[in-house]
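The numbering used here puts the sequence shown at residues 471 to 631. Note that the Cβ used here is the ideal one computed from N, Cα and C, for glycine as well.
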Amino acid sequence: MNSRAATGIVRRMMPDDLNRVLEIENLSFSMPWSRAGFEAELAKPYGRSLVFAEDGRVFGYLIAWRVEEDLHIANLAVHPEHRRQGIAEKLLRHCLEADGDAAWAGLEVRVSNAAALTLYRKFGFCPTSLRRAYYSDNREDAVIMTKDLPPPITRNPNGVV
Ligand SMILES: CC(C)(COP(=O)(O)OP(=O)(O)OC[C@H]1O[C@@H](n2cnc3c(N)ncnc32)[C@H](O)[C@@H]1OP(=O)(O)O)[C@@H](O)C(=O)NCCC(=O)NCCS
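Next comes the structure, spelled out in structure tokens:
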């Protein structure tokens, strides 16, 4: 996949995706989630585990938790060689639309993570507070970002707008 704009699909994460997801996770984070962590996500009834795939190969993923009216973005990463092709944007848009009946979305992000801060701002997330020394590896602060979601105009039985 070399083109600037990625043309794959967003779909549910499957157990067979985990080797590639872990590869991307380990390339992307100083405190990566474990395989057991991702396996637990696949089993959570309130978990939303998505991948972006093209020609059967995974290039990015997003994990979210839907608890009542709240949608929490828990993890999002794109393979370093395939960034700036709109993959995170596709994953985030799909997630927000699929849970279009949620009232609120939120997440934490490192204060130094300019790429993610810019992405979330582009989606209308606003910084609402700071969690001091939230990340245990370097005691970096987390920015809490939230976004009010507009009420859906129409809704099908699965809650998808
Ligand atoms: C943050 C991350 C998920 C973005 O993924 P991506 O697929 O490259 O993002 P997209 O191509 O969809 O970019 C969408 C928008 O985000 C912003 N953005 C993304 N990367 C950026 C960067 N390096 N610098 C500035 N803005 C950036 C831009 O507004 C961009 O829109 P534009 O291309 O029209 O300017 C990716 O950099 C990543 O995996 N980082 C490591 C893991 C991580 O930090 N995850 C987030 C944890 S909270």
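Within the DSSP bridge table, the entry for L541 names R536, A575 as partners. In the three-state DSSP reduction, K514 falls in the coil class, being neither helix nor strand. For G517 against I533, the beta-carbon gap comes to about 7 Å, under 8 Å, which counts as contact. The beta-carbon separation of F499 and A547, rounded to 7 Å, stays under the 8 Å limit for a contact. Following the DSSP letters along the chain, one finds R591 inside the alpha helix (DSSP H) bounded by residues 584-592. Per DSSP, the continuous alpha helix (DSSP H) segment holding S498 begins and ends at 488-498. The beta carbons of L520 and Y531 sit about 6 Å from each other, so the pair counts as a contact at 8 Å. Taken through DSSP and simplified to helix, strand or coil, L566 comes out as helix. Closest option to H549, judged by alpha-carbon separation, among R490, G594, Y590, S606: R490. Counted as a single uninterrupted DSSP element, the beta strand (DSSP E) harbouring A612 occupies residues 610-618.
Counting only the Cα atoms, A575 lies some 18 Å from K514. DSSP, reduced to helix, strand and coil, places G526 outside both helices and strands of the structure shown, so it counts as coil.
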